[in-house]
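Q:
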Ligand code: C2E
Ligand code: MG
Ligand code: MG
Ligand code: MG
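Numbering (full-length UniProt numbering), first residue to last: 580 to 859.
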């Protein structure tokens with residue numbers, strides 16, 4: 580009967596939920612172990628000035644070197660880390676490690692992603708200040724990336740946090756711009772230094788609509804005096820479109836994939852030359 584069918588569906592559903600719960604519990608346990616056992620590592624992707632194609636900075640991207648699963652990408656564990664609060668110690672490790680490793684690449688900006696959970700935590704600003712002091716990284720070299728979502732819930736609290744972060748001297752970038760819900764008006768009323776155009780618009784540049792969106796975001800950045808950077812640039816064609824439209828910076832496989840720290844150090848040594856002193 581329909582009633583029995585309903586029960587059957589419910590039973591299957593419950594079993595499924597149970598499995599999911601179990602899988603999540605195991606992953607959570609695994610994540611705790613990963614923290615204790617230092618299984619996280621940072622890879623770094625170059626941020627490139629379009630004008631002369633020089634590396635001006637790096638974005639730190641966390642990976643989990645799992646003993647049996649290999650290198651696990653952030654999208655596979657950050658969401659659960661956020662739900663369980665484990666993102667707080669993981670995020671602190673990321674920030675400290677990125678600032679410390681960033682000291683090896685003088686002059687480069689070090690961009691670090693902040694989870695909305697971290698952003699809303701009341702100890703965030705003090706933690707950032709302490710890590711800057713501890714590592715010696717000059718604050719203006721640190722760029723914190725946040726997504727539009729953090730502005731939605733409590734605009735006043737977000738503005739307060741951003742203002743206090745800015746007072747430390749760090750820079751703030753709006754990540755994945757265009758994928759959230761925020762109106763353009765948001766950009767104007769928060770102290771962002773940079774807009775990162777989401778890679779979905781870049782991969783879709785051949786379409787008239789994405790083309791127009793990217794063009795207008797670059798224009799917006801210019802009029803609000805914010806740096807614009809495009810992420811996910813994979814082809815020379817995309818790069819030349821962006822250059823033509825006045826986008827200042829790019830990031831993407833065309834210019835360099837995220838690489839482990841040793842490889843980045845090599846890359847920086849060969850590609851970024853400090854400007855030579857003028858001959859007397
Ligand atoms: P995101 O901050 O927008 O970082 C850019 C993502 O795009 C990275 O993926 C990067 O590897 C990828 N990417 C860069 N260039 C290209 C390209 O040309 N083509 C394509 N298809 N992809 C490109 P990844 O490393 O897998 O990170 C995914 C997301 O995970 C990040 O997106 C960020 O939201 C989050 N994430 C990464 N590290 C951290 C972290 O330390 N803390 C937090 N809270 N989130 C992180
Ligand atoms: Mg980012
Ligand atoms: Mg991004
Ligand atoms: Mg993105």
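Glycine included, C-beta positions come from ideal geometry on N, C-alpha and C.
Given the structure is predicted, the values throughout are model-derived calculations rather than measurements.
Which of the three DSSP states, helix, strand or coil, is assigned to residue 701?
A: The answer is coil: DSSP assigns residue 701 none of H, G, I, E or B.
Q: Restricting to runs no shorter than 3 residues, where is the beta strand (DSSP E) found entirely within the segment 784-835?
A: The segment 784-835 contains these whole beta strand (DSSP E) runs: 806-810 and 828-830.
Q: Check the DSSP bridge columns for residue 624 and list the partner residues they point to.
A: 638, per the DSSP bridge assignment.
Q: Please determine whether the Cβ atom of residue 772 lies at a distance below 6 Å from any heavy atom of ligand 2.
A: Flag unset: Cβ of residue 772 not near ligand 2.
Q: According to DSSP, is residue 839 part of a helix, a strand, or is it coil?
A: Note: residue 839 maps to strand in three-state DSSP.
Q: Quick one: is residue 837 buried, meaning 16 or more other Cβ sit within 10 Å of its Cβ, or exposed?
A: Classification for residue 837: buried.
Q: Less than 6 Å separating the Cβ of residue 657 from some heavy atom of ligand 1?
A: Indeed, a heavy atom of ligand 1 lies less than 6 Å from the Cβ.
Q: Start and end of the beta strand (DSSP E) containing residue 722?
A: Residue 722 -> beta strand (DSSP E) spans 721-726.
Q: Can you check whether the CB of residue 724 is closer than 7 Å to the CB of residue 692?
A: A contact, by the Cβ cut-off of 7 Å.
Q: Distance, Cα to Cα, residue 525 vs residue 644?
A: Any answer about residue 525 is impossible in this case: the structure gives the chain only from 580 up to 859.
Q: Considering residue 654, what are the terminal residues of the alpha helix (DSSP H) in which it resides?
A: Here residue 654 belongs to no alpha helix (DSSP H), and DSSP marks it neither H nor E.
Q: Output the distance between the C-alpha atoms of residue 849 and residue 621, rounded to the nearest integer angstrom.
A: Going by the C-alpha atoms only, they are around 21 Å apart.
Q: Which residues have a Cβ closer than 5 Å to any heavy atom of ligand 2, listed in chain order?
A: The answer, residue by residue, is 692, 724 and 754.
Q: For residue 714 versus residue 679, is the C-beta spacing smaller than 7 Å?
A: A contact, by the Cβ cut-off of 7 Å.
Q: If you check the beta carbons only, do residue 689 and residue 721 fall under 7 Å apart?
A: Contact flag set, yes.
Q: Pull up the CB-CB distance for residue 772 and residue 758, whole angstroms please, since I reckon it's below 8 Å.
A: Not confirmed; about 19 Å, so no contact.
Q: If you follow the beta strand (DSSP E) that residue 754 is in, where does it begin and where does it stop?
A: From DSSP, the beta strand (DSSP E) with residue 754 extends over 750-756.
Q: For residue 827, tell me which candidate among 698, 652, 845 and 797 has the shortest Cα-Cα distance.
A: Checked all of 698, 652, 845 and 797; the closest Cα to residue 827 is 797.
Q: Grab me the residues of residue 533's own chain with a C-beta within less than 6 Å of its C-beta, minus the 5 sequence neighbours each way, in chain order.
A: This structure cannot settle anything about residue 533, because the visible part of the chain is limited to 580 through 859.
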